[in-house]
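>
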Amino acid sequence: MKVLTANFVTCAIKACKASPASYPLHFRDAELEQSELDFQPDFIRNILPRIDWDALVVTAGELGFTSLTPTKPEGDAVTDELLRELHRFLLETQVMEGKMVCGNCGHEYRIKEGIANFLLPSHLGTYIYHFDICDGIIGNQTRGECHISGVENALKTITD
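For what it's worth, the numbering used here labels the leading residue of the sequence shown as 152, then goes sequentially.
(1) Answer yes if the region 191 to 205 comes into contact with the region 249 to 264, meaning at least three C-beta pairs across the two stretches below 8 Å, and no otherwise.
(2) Could you check whether the region 173 to 191 touches the region 200 to 216, counting it as contact only if at least three pairs of C-beta atoms, one from each stretch, sit closer than 8 Å?
(3) Are at least three pairs of beta-carbons, each pair with one atom in the region 156 to 170 and one in the region 248 to 256, less than 8 Å apart?
(4) Does DSSP classify phenylalanine 159 as helix, strand or coil?
(5) Going by the beta-carbon positions, is the gap between asparagine 158 and leucine 207 smaller than 8 Å?
(6) Are the beta-carbon atoms belonging to leucine 242 and lysine 153 less than 8 Å from one another?
(7) Would you decide whether proline 272 is buried or exposed? Buried here means 16 or more other CB atoms lie within 10 Å of its CB.
(8) Roughly how many angstroms separate the alpha carbons of valine 229 and histidine 238, rounded to a whole number?
(9) Could you pull out every residue in the same chain whose Cβ sits closer than 6 Å to the Cβ of threonine 217, ignoring the five residues on either side in sequence?
(10) So what does DSSP say about glutamate 296, is it helix, strand or coil?
(11) Contact check, threonine 244 vs leucine 183 under 8 Å by CB: the rounded distance?
(12) Cα separation between histidine 274 and glutamate 225?
(13) Give the straight-line distance between the Cα atoms of proline 171 and threonine 161, rounded to the nearest whole angstrom.
(14) Within 10 Å of its beta-carbon, does leucine 155 have 16 or more other beta-carbons around it, so buried, or fewer, so exposed?
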């Protein structure tokens with residue numbers, strides 16, 4: 152999971168949606184891997200306005216990257232050196248193993264082989280989400296079943 156991705160995800164539990172403590176998710180026991188990529192300064196310049204800088208600084212500190220400034224750089228402060236540093240941290244750094252933990256509820260999202268698992272067990276709200284999807288598509292919530300071709304098995308798997 153690239154570090155950039157972590158800046159755009161939050162806890163999937165419904166009760167955490169309104170809590171500011173649910174973002175950013177906090178890395179624990181993270182195993183990092185660096186992979187060299189071609190430098191893309193334009194991509195970094197274009198993504199910079201979309202990045203939550205405060206969350207990025209927290210994440211960087213948790214992963215051992217302490218060179219980011221506490222305030223978001225703008226204008227002339229966005230130097231080539233900074234773009235390279237951000238490129239290295241956001242795109243070339245991957246969390247291969249570990250956990251992302253919600254600061255509100257403490258739920259742990261495991262990361263295995265670079266992929267974070269955001270599927271929730273049914274007792275944490277997935278079953279309700281299943282009903283919301285079914286209700287929105289077919290207007291029926293009988294016995295927790297949803298009959299939508301192509302989607303039915305995926306939803307059943309999530310709720311089991």
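For glycine and all other residues, C-beta sits at the position ideal for the given N, C-alpha and C.
Answer, in terms of the structure:
(1) no
(2) By the Cβ criterion, the region 173 to 191 is in contact with the region 200 to 216, since at least three pairs of Cβ atoms, one from each stretch, lie closer than 8 Å.
(3) yes
(4) The residue given as residue 159 occupies position 8 in the sequence shown. Coil at phenylalanine 159, not helix or strand.
(5) The residue you call residue 158 lines up with position 7 of the sequence shown. The residue you call residue 207 lines up with position 56 of the sequence shown. Cβ distance < 8 Å, so asparagine 158 and leucine 207 count as in contact.
(6) Translated into the one-based positions of the sequence shown, residue 242 becomes position 91. Translated into the one-based positions of the sequence shown, residue 153 becomes position 2. Yes, they are a contact pair.
(7) By one-based count along the sequence shown, residue 272 stands at place 121. The residue in question, proline 272, is exposed, as its Cβ has fewer than 16 Cβ neighbours within 10 Å.
(8) Here residue 229 refers to the residue found at position 78 when the sequence shown is read from its first residue. Here residue 238 refers to the residue found at position 87 when the sequence shown is read from its first residue. Those two C-alpha atoms are separated by around 12 Å.
(9) Working through the sequence shown from its first residue, we reach residue 217 at position 66. No residues qualify anywhere along the chain.
(10) Your numbering for residue 296 matches position 145 in the sequence shown. Below a pLDDT of 50, predicted positions are generally treated as unreliable, and glutamate 296, at 44, falls in that range; the measurement from the model is reported next regardless. Residue state, collapsed to three classes: coil.
(11) The count along the sequence shown starts at 1 and reaches residue 244 at position 93. The count along the sequence shown starts at 1 and reaches residue 183 at position 32. Going by Cβ atoms, the distance from threonine 244 to leucine 183 rounds to 6 Å, so yes, they are a contact pair.
(12) Here residue 274 refers to the residue found at position 123 of the sequence shown. Here residue 225 refers to the residue found at position 74 of the sequence shown. A straight line joining the alpha-carbon of histidine 274 with that of glutamate 225 spans about 44 Å.
(13) For the purposes of this step, residue 171 is taken as residue 20 along the sequence shown, with counting starting at 1. For the purposes of this step, residue 161 is taken as residue 10 along the sequence shown, with counting starting at 1. In a straight line, the C-alpha of proline 171 is about 10 Å away from that of threonine 161.
(14) In the sequence shown, the residue the question calls residue 155 occupies position 4. Flag for leucine 155 reads buried.
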